[in-house]
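Trainee:
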Amino acid sequence: MADVVASWTQQSGFPLVTVSSPDPALLVIAQSRYLSDPAVVLTTNQTWWLPLSLSVGGSNSANNISSPGNESVSEKKIHLYLTPAPLVDLVVLLPPNGTSSIVLPSPLSAGQWYKINLGQTIPARVLYPASNLLAIGSSLLQNVYNLPAIDRSGILSDTFQFVRSGQVNISTALQYALVLQVESDPSVWFVAKTQLLAITRILAGAQHPSTASFSQYVGSLMTNQLAGTDNIIQKK
């Protein structure tokens with residue numbers, strides 16, 4: 021326990037958790053220090069003990085989830101919020117000296133997705149493959165309550181920070197941001213507006229040719245959100 025605590029109290033910064041899926045039934049999770057500019061070269065290799073939670077959308081069982089070579093794994097079902105698709109939940113204590121391989125109970129099928137760091141319980145950014153990010157987005161478009169607002173805020177914040185650092189393609193981020201068409205939670209919109217307006221300012225400052233079209237895109241999302249709010253007020 022002392023080592024776990026020391027990894028958070030005796031160094032600065034916070035983690036970047038990178039997820040890859042070399043096989044539909046396997047997730048590989050790695051960590052490094054998060055940097056807003058990935059080109060910066062660190063003199064030390066900073067890592068943390070990370071208690072990471074994982075949910076797989078659309079699965080019906082938490083049986084047979086394993087993390088090879090990692091004995092600090094527990095399985096549990098949680099029911100903190102309602103969702104039409106049962107979630108598989110797993111907690112993994114990711115050690116600071118490498119990666120962790122998560123074997124899923126069955127291969128991910130088309131449309132299935134996974135969410136790391138449920139509830140945003142640890143200060144970390146999570147970088148997903150584009151395919152998983154867009155699968156989450158498609159699920160939220162069908163029912164925005166498939167994830168709690170705090171997780172929806174976290175994904176938006178991470179995604180657009182990665183756009184600014186060049187780690188996520190802006191077209192992927194904008195496709196994911198279509199979830200804002202069905203979003204009404206103020207906390208999620210606060211994050212969305214902050215991130216989208218920051219990118220608008222960057223484009224304008226660089227006199228980028230897409231500045232006008234991007235501003236129109238942001239304006240259309242905000243107009244839809246305000247219209248939705250008006251409808252809720254009128255119904256009340």
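Just so we're on the same page, the numbering used here is the position in the sequence shown counted from 1, plus 20.
Note that beta-carbon positions come from the ideal geometry of N, C-alpha and C, so glycine has one too.
Only a predicted model underlies this, so the values are computations on that prediction, with no experimental measurement involved.
Report buried or exposed for Leu217, applying the criterion of at least 16 other Cβ atoms within 10 angstroms of its Cβ.
Mentor: Taking the sequence shown and counting its residues from 1, the one referred to as residue 217 is at position 197. Classification of Leu217: exposed, given that the 10 Å Cβ count is below 16.
Trainee: Going by other Cβ atoms of all chains shown within 10 Å of its Cβ, with 16 needed for buried, is Asn189 buried or exposed?
Mentor: Translated into positions along the sequence shown, residue 189 becomes position 169. By the neighbour-count rule (16 or more Cβ atoms within 10 Å), Asn189 is not buried but exposed.
Trainee: If I measure Cβ to Cβ from Leu36 and keep anything under 6 Å in the same chain, skipping five residues before and after, which residues do I get?
Mentor: Translated into positions along the sequence shown, residue 36 becomes position 16. Ser52, Tyr54 and Arg145.
Trainee: Can you name, in chain order, every residue of its own chain whose Cβ lies under 7 Å from the Cβ of Ser207, other than the five neighbours on each side?
Mentor: Taking the first residue of the sequence shown as 1, we reach residue 207 at position 187. Cβ within range, chain order: Ala169 and Ser173.
Trainee: Assign Gly77 to one of three DSSP states: helix, strand, or coil.
Mentor: Taking the first residue of the sequence shown as position 1, residue 77 is located at position 57. Strand.
Trainee: Can you give the Cα-Cα distance for Gly77 and Asn152, rounded to whole angstroms?
Mentor: Taking the sequence shown and counting its residues from 1, one reaches residue 77 at position 57. Taking the sequence shown and counting its residues from 1, one reaches residue 152 at position 132. Each residue's Cα considered, the two are about 11 Å apart.
Trainee: Decide yes or no for the touch test of the region 26 to 42 against the region 159 to 167: beta carbon pairs closer than 8 Å, at least 3 of them.
Mentor: Touching, no.
Trainee: Can you round the beta-carbon distance between Leu241 and Ala197 to whole angstroms, since I take them to be within the 8 Å contact cut?
Mentor: In the sequence shown, the residue the question calls residue 241 occupies position 221. In the sequence shown, the residue the question calls residue 197 occupies position 177. With a Cβ gap of about 7 Å, Leu241 and Ala197 count as contacting.
Trainee: Look at the alpha carbon of Thr220 and the alpha carbon of Ser126, and state the distance between them as a whole number of angstroms.
Mentor: Here residue 220 refers to the residue found at position 200 when the sequence shown is read from its first residue. Here residue 126 refers to the residue found at position 106 when the sequence shown is read from its first residue. In a straight line, the C-alpha of Thr220 is about 41 Å away from that of Ser126.
Trainee: Quick one: using the 10 Å Cβ neighbour count with 16 as the cut-off for buried, is Gly225 buried or exposed?
Mentor: Locating residue 225 in the sequence shown gives position 205, where the first residue counts as 1. Flag for Gly225 reads exposed.
Trainee: At the level of alpha carbons, what is the spacing between Thr141 and Leu74?
Mentor: Position 121 of the sequence shown, counted from the start, is the residue given in the question as residue 141. Position 54 of the sequence shown, counted from the start, is the residue given in the question as residue 74. Those two C-alpha atoms are separated by around 12 Å.
Trainee: Which partner residues does Pro35 have in the DSSP bridge list?
Mentor: Here the question's residue 35 lines up with position 15 in the sequence shown. Answer by DSSP bridge pairing, in chain order: Arg53.
Trainee: Please classify Tyr148: does DSSP put it in a helix, a strand, or coil?
Mentor: For the purposes of this step, residue 148 is taken as residue 128 along the sequence shown, with counting starting at 1. Note: Tyr148 maps to coil in three-state DSSP.
Trainee: Give me the Cα-Cα distance between Gln236 and Ser230, rounded to the nearest whole angstrom.
Mentor: Numbered from 1 along the sequence shown, position 216 holds the residue referred to as residue 236. Numbered from 1 along the sequence shown, position 210 holds the residue referred to as residue 230. For Gln236 and Ser230, the distance between alpha carbons rounds to 10 Å.
Trainee: Alpha carbon to alpha carbon, how far is Val202 from Gln195?
Mentor: As a working note, residue 202 is residue 182 in the sequence shown. As a working note, residue 195 is residue 175 in the sequence shown. So the two alpha carbons sit approximately 14 Å from each other.
Trainee: Of all the options Ser159, Ser40, Gln215 and Ser204, which has the alpha carbon lying nearest to the alpha carbon of Thr243?
Mentor: In the sequence shown, counting from the first residue as 1, residue 243 sits at position 223. Per the Cα distances, Ser204.
Trainee: For Asn84, count the other beta carbons within 10 Å of its own beta carbon; 16 or more makes it buried, fewer makes it exposed. Which is it?
Mentor: Taking the first residue of the sequence shown as 1, we reach residue 84 at position 64. Any answer about Asn84 is weak, because its pLDDT of 34 lies below 50 and its placement is not dependable; what the coordinates show is given next. With fewer than 16 Cβ atoms within 10 Å of its Cβ, Asn84 is classed as exposed.
Trainee: Exposed or buried, Leu62, counting other C-beta atoms within 10 Å across all chains shown (16 or more means buried)?
Mentor: For the purposes of this step, residue 62 is taken as residue 42 along the sequence shown, with counting starting at 1. Exposed, by the Cβ-count rule.
Trainee: Reducing DSSP to helix, strand and coil, say where Ile142 ends up.
Mentor: Position 122 of the sequence shown holds residue 142. The answer is coil: DSSP assigns Ile142 none of H, G, I, E or B.
Trainee: Just list the residues that DSSP pairs Leu153 with in beta bridges.
Mentor: Here residue 153 refers to the residue found at position 133 of the sequence shown. In the DSSP output, where bridge partners are listed per residue, Leu153 has none listed.
Trainee: Nearest to Leu167 by CA position, among Leu128, Ser185, Leu124 and Lys135, is which residue?
Mentor: The count along the sequence shown starts at 1 and reaches residue 167 at position 147. Answer by Cα proximity: Lys135.
Trainee: Quick check: what's the CA-CA separation for Gln8 versus Ile49?
Mentor: Residue 8 lies beyond the residue range present for the chain, which begins at 21 and ends at 256; the question has no answer from this structure.
Trainee: For Tyr134, report the span of its beta strand (DSSP E) as first-last.
Mentor: Working through the sequence shown from its first residue, we reach residue 134 at position 114. Unbroken beta strand (DSSP E) run through Tyr134: Trp133 to Ile136.
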